[in-house]
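Worksheet: one structure, shown below.
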Amino acid sequence: MDELKKARQMVEELGSFGSNPSPCRRGRPPRGGRSRGRGRSSGRSSLSTVESLDSSPVPFPFKNTFPGFTYQFIQNWKNVVGDGNFGFRVVSNFLFGDENHWVEIRRRMSYDLRHHIRVYEQLFESVERVTELIMQTNWEEGSAPQEYWMNTPDHLYVIANTFNLCVVFLA
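Below, the structure is given as structure tokens:
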């Protein structure tokens, strides 16, 4: 029980992200054009309990996949287009409110990889791996073949660094 309280406290302390993503400023852009600020309830949504997920207009299809206590941390969910750009579409949906900015997400990640290549070389301990990640982010032609799909967890590090986000991957 103490671990659950600690996890909740950590989530509360993280707050929300209120700055527009750009090469200089990072983070989630504000919804509705204004900053949400930090506060005890600023990161919560109406979908914060098991009951609200159950009563959602569109049923949560992964209900039996996650432990029950995690429901309170699920603010929303969305199935994105499965065209090989789905990982980048998820990030686009989170940052911009829709999945159609996946090309911009790829471009910014590629930029960050190229402009901080030494940092990523140390992180991944391989120039070849960084080069491969750069290649995987350079796709803008519609449906992506498998060699251009998002690769977890490596791309998640790049997302966290590029957009100054805390990324949690559940598998």
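Residue numbers (the working numbering): 2 to 172.
Backbone N, C-alpha and C fix where the C-beta goes; we use that ideal spot for every residue, glycine too.
Note that this is a predicted model, so its numbers are computed, not measured.
Can you round the beta-carbon distance between residue i and residue j to whole angstroms, since I take them to be within the 8 Å contact cut?
i           : j           : result
residue 82  : residue 91  : Wrong, their Cβ atoms sit about 10 Å apart, outside the cutoff.
residue 85  : residue 144 : 5 Å
residue 107 : residue 141 : 7 Å
Could you give the distance in angstroms between the alpha-carbon of residue i and the alpha-carbon of residue j?
i           : j           : result
residue 96  : residue 161 : 12 Å
residue 134 : residue 98  : 25 Å
residue 119 : residue 59  : 45 Å
residue 105 : residue 69  : 35 Å
residue 157 : residue 171 : 12 Å
residue 94  : residue 132 : 26 Å
residue 67  : residue 139 : 33 Å
residue 61  : residue 169 : 19 Å
residue 146 : residue 154 : 19 Å
residue 137 : residue 65  : 32 Å
residue 152 : residue 159 : 10 Å
residue 102 : residue 150 : 16 Å
residue 122 : residue 100 : 30 Å
residue 116 : residue 167 : 21 Å
residue 73  : residue 164 : 24 Å
Of all the options the options, which has the alpha carbon lying nearest to the alpha carbon of residue i?
i          : options       : result
residue 63 : 74, 78 and 73 : 78
Taking 8 Å as the threshold, find out whether the stretch 105 to 112 comes into contact with the stretch 125 to 132 through three or more Cβ pairs.
no
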